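A.B. asks: Mapping the sequence shown onto the working numbering, position 176 (from 1) lands on 175, and the numbers just tick up by one.
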Amino acid sequence: MENLSAKQLRDKIAAGRISSGEATEAIFKNIEEREPTIGAYISTFRDSALEKAAKVDKRIAAGERVGQLAGVPIAIKDNMCTTFGATTCASKILDNFHAPYNATAVEKLISADAIIVGKTNMDEFAMGSSTENSGLKQTVNPWDHSRVPGGSSGGSAAAVAGGLCFAAIGSDTGGSIRQPASFCGVVGLKPTYGRVSRFGLVAYGSSLDQIGPITRTVADSALMMNVIAGHDAADSTSVDEAYAPVCDYLKKLDEPIENLKIAVVPEFNAGADQQVQKALTDAVDIYRKLGAEVIEISMPYLDYAIAAYYVIATAEASSNLARYDGVHYGHRSEKADDYIEVYSKSRAEAFGKEVKRRIMLGTYALSSGYYDAYYLKALKVRNLIRSDFTSAFEKCDCIMMPVSPTAAFKIGEKVDDPLKMYLSDIYTIAANLSGIPGISIPCGFDDNDMPIGLQILSPAFTEDKLLRIAGMFEAKTDWHTKKPTVIN
Ligand code: GLN
Numbered sequence: 000m001e002n003l004s005a006k007q008l009r010d011k012i013a014a015g016r017i018s019s020g021e022a023t024e025a026i027f028k029n030i031e032e033r034e035p036t037i038g039a040y041i042s043t044f045r046d047s048a049l050e051k052a053a054k055v056d057k058r059i060a061a062g063e064r065v066g067q068l069a070g071v072p073i074a075i076k077d078n079m080c081t082t083f084g085a086t087t088c089a090s091k092i093l094d095n096f097h098a099p100y101n102a103t104a105v106e107k108l109i110s111a112d113a114i115i116v117g118k119t120n121m122d123e124f125a126m127g128s129s130t131e132n133s134g135l136k137q138t139v140n141p142w143d144h145s146r147v148p149g150g151s152s153g154g155s156a157a158a159v160a161g162g163l164c165f166a167a168i169g170s171d172t173g174g175s176i177r178q179p180a181s182f183c184g185v186v187g188l189k190p191t192y193g194r195v196s197r198f199g200l201v202a203y204g205s206s207l208d209q210i211g212p213i214t215r216t217v218a219d220s221a222l223m224m225n226v227i228a229g230h231d232a233a234d235s236t237s238v239d240e241a242y243a244p245v246c247d248y249l250k251k252l253d254e255p256i257e258n259l260k261i262a263v264v265p266e267f268n269a270g271a272d273q274q275v276q277k278a279l280t281d282a283v284d285i286y287r288k289l290g291a292e293v294i295e296i297s298m299p300y301l302d303y304a305i306a307a308y309y310v311i312a313t314a315e316a317s318s319n320l321a322r323y324d325g326v327h328y329g330h331r332s333e334k335a336d337d338y339i340e341v342y343s344k345s346r347a348e349a350f351g352k353e354v355k356r357r358i359m360l361g362t363y364a365l366s367s368g369y370y371d372a373y374y375l376k377a378l379k380v381r382n383l384i385r386s387d388f389t390s391a392f393e394k395c396d397c398i399m400m401p402v403s404p405t406a407a408f409k410i411g412e413k414v415d416d417p418l419k420m421y422l423s424d425i426y427t428i429a430a431n432l433s434g435i436p437g438i439s440i441p442c443g444f445d446d447n448d449m450p451i452g453l454q455i456l457s458p459a460f461t462e463d464k465l466l467r468i469a470g471m472f473e474a475k476t477d478w479h480t481k482k483p484t485v486i487n
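Next up, the structure:
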């Protein structure tokens, strides 16, 4: 069962060849054995999962119509609101927060008859690239327990790679789906901004955040998109389907692509480690052999993506996190003598170091006198980066680049050097600044036997084509079938 993809499992369950109950039991057995080491989950829901699985099995046996994910065990990043369990954002400030509603993406998974296994660990409020900023626990990379799973959706990626669920959802503000997917050797898709509803996703950088799937295969990613994509009246930034229709991503997956034109950005990729560069070159060669034309382009503004991102993301975070004041939500200090102290002590006691750093950076960038110099400047740079992509996509169908400059690094290696940590997002951030979709698919291993990902970026609302391009590679390679051997 462990080798099945979510889609294969779904098909077998629908055909009555495996029951959802068996699949769910198998996942919880893995969780019992491996979770003490991997630490992917903040909470799990064994009883309700088995109960729902039994219901799905009964409905299938009775010949009733079931949803697209009927009976498939799935995990949710813990920054998405659920009426069941807590929604902690891996923070102390929300460690006992129970949401009054489900996020739209979660609601859609439930309506598609998925089995919700649990909620996964992450960097506190999704701020980080290694899941080491979690205020609650440590997650390790299933491929090597001394290494990070990536972040901030490290729990979701580790759960998929470690056989602790069949698929998961994460959120990506600057790379948090793609980078952990690449570190854990699985597939991660950040959809176009506005494609998947953000309603019920705890906001970090609202103009950048996007929910997307982390899966074992490209087809699973398409299947998950079939369920979670689409307009939602509850999210004013979700896009009208009359303007950008959703489609059956899974059905379209096998449509061949004629005259595929791929662009690479050599001067930008030169910053990545040699082994990552080699994996990229080899991957692009495979596409060439499949008939694609490969061109080299230059995107001069990409170099400024990190600087612009860390002004914009922190500015938005400082505003979004103002709501955790000890009054509306979560932790309230017991040492406060007046109302100012309720705010300051509650926040001082319960926010982690990185979150505080970002609130301070963002507040500074937005303060009068510095707003023009930092925030407004960053917005202008954001526009230039967007125009870099617009002109690139006039010449090609997609751009290929690394996901991260290195494969998964050691736990502790970058925790004391935030700038080094920020640099690990250099290849993923531009997609968020531009709102375009990006996918990470397994494309090799480094000398430490750690997975390397290939990133493919395409124009806004072309997820169907992006998935097809990714699928072409997956069909010709077997990187995605490799499994961590150190699972214990
Ligand atoms: N690592 C980036 C950050 O810390 C991106 C995080 C994310 O995508 N949520 O902001």
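The C-beta atom is built at its ideal place from N, Cα and C for all residues, glycine as well. Model, not experiment: these values are computed from the prediction.
Let's see if you can read the secondary structure: which residues bound the beta strand (DSSP E) around I73?
C.D. replies: 72-76
A.B. asks: List, from N- to C-terminal side, the alpha helix (DSSP H) runs of 4 residues or more that fit wholly inside the stretch 374-440.
C.D. replies: 376-391, 417-422, 428-433
A.B. asks: For I261 and S297, I'd like the C-alpha separation in whole angstroms.
C.D. replies: Spanning the two alpha carbons is a distance of roughly 13 Å.
A.B. asks: Scan the stretch 97-175 and note each continuous alpha helix (DSSP H) run of 4 residues or more that stays entirely inside, going in chain order.
C.D. replies: 103-110, 153-160
A.B. asks: Kindly indicate the opening and closing residues of the alpha helix (DSSP H) around E21.
C.D. replies: 19-37
A.B. asks: First and last residue of the beta strand (DSSP E) that includes P450?
C.D. replies: 450-456
A.B. asks: Would you mind working out which of D415, A157, V354, K413 sits nearest R33, comparing C-alpha positions?
C.D. replies: Closest in C-alpha terms to R33, from the list D415, A157, V354, K413, comes A157.
A.B. asks: So is the beta-carbon of M121 under 6 Å away from any non-hydrogen atom of the ligand GLN?
C.D. replies: no
A.B. asks: From the DSSP output, in three-state form, read off Q42 for me.
C.D. replies: Checking the sequence, you will find Ser at residue 42 rather than Gln. Correct three-state label for S42: strand.
A.B. asks: Just reading off the alpha helix (DSSP H) that P358 is part of, what are its end residues?
C.D. replies: Sequence check: residue 358 is Ile here, not Pro. Judged by DSSP secondary structure, I358 falls within the alpha helix (DSSP H) whose first and last residues are 352-365.
A.B. asks: Which residue spans inside the stretch 291-353 form an unbroken alpha helix (DSSP H) run of at least 4?
C.D. replies: 304-319, 338-349
A.B. asks: If you draw a straight line from the C-alpha of M400 to the C-alpha of K28, how long is it?
C.D. replies: 38 Å
A.B. asks: What does the Cβ neighbour count give for N120, buried or exposed, with the cut at 16 atoms within 10 Å?
C.D. replies: buried
A.B. asks: Do you know how far the Cα of G150 is from the Cα of G351?
C.D. replies: 16 Å
A.B. asks: Would the beta-carbon of L108 fall within 7 Å of that of I41?
C.D. replies: no
A.B. asks: Measure the Cβ-Cβ separation of T216 and S19 and say whether it is below 7 Å.
C.D. replies: no
A.B. asks: Taking only heavy atoms of the ligand GLN into account, decide whether any of them is closer than 6 Å to the Cβ of M126.
C.D. replies: Remark: the shortest separation between the CB of M126 and any heavy atom of the ligand GLN falls under 6 Å.
A.B. asks: Residues in its own chain within less than 6 Å of G153 by CB, not counting five upstream and five downstream?
C.D. replies: T130, T138, P179
A.B. asks: Where does M359 land, buried or exposed, given buried means 16+ other C-beta within 10 angstroms?
C.D. replies: M359 is exposed by the Cβ-count criterion.
A.B. asks: So is the beta-carbon of D239 under 6 Å away from any non-hydrogen atom of the ligand GLN?
C.D. replies: no
A.B. asks: Closer than 8 Å is the cut-off here; do at least three beta carbon pairs connect the stretch 235-248 with the stretch 402-416?
C.D. replies: no
A.B. asks: Tell me whether the beta-carbon of G117 lies closer than 7 Å to the beta-carbon of F44.
C.D. replies: yes
A.B. asks: Is it buried or exposed for S133, if we count other Cβ within 10 angstroms and need 16 for buried?
C.D. replies: Its Cβ being crowded by 16 or more others within 10 Å, S133 is buried.
A.B. asks: Taking Cβ to Cβ, would you say I227 is nearer than 7 Å to A347?
C.D. replies: Against a cut-off of 7 Å, the Cβ pair of A347 and I227 comes out as no contact.
A.B. asks: Taking buried to mean at least 16 other C-beta atoms within 10 Å of its own C-beta, is E529 buried or exposed?
C.D. replies: Nothing can be reported for residue 529: it is not among the residues displayed for the chain, which extend from 0 to 487.
A.B. asks: Which two residues bound the contiguous alpha helix (DSSP H) that contains G470?
C.D. replies: 462-475
A.B. asks: With a threshold of 6 Å (Cβ to nearest heavy atom), would A377 be considered close to the ligand GLN?
C.D. replies: Closer than 6 Å to some heavy atom of the ligand GLN: that does not describe the Cβ of A377.
A.B. asks: Is there at least one non-hydrogen atom of the ligand GLN closer than 6 Å to the beta-carbon of A307?
C.D. replies: no
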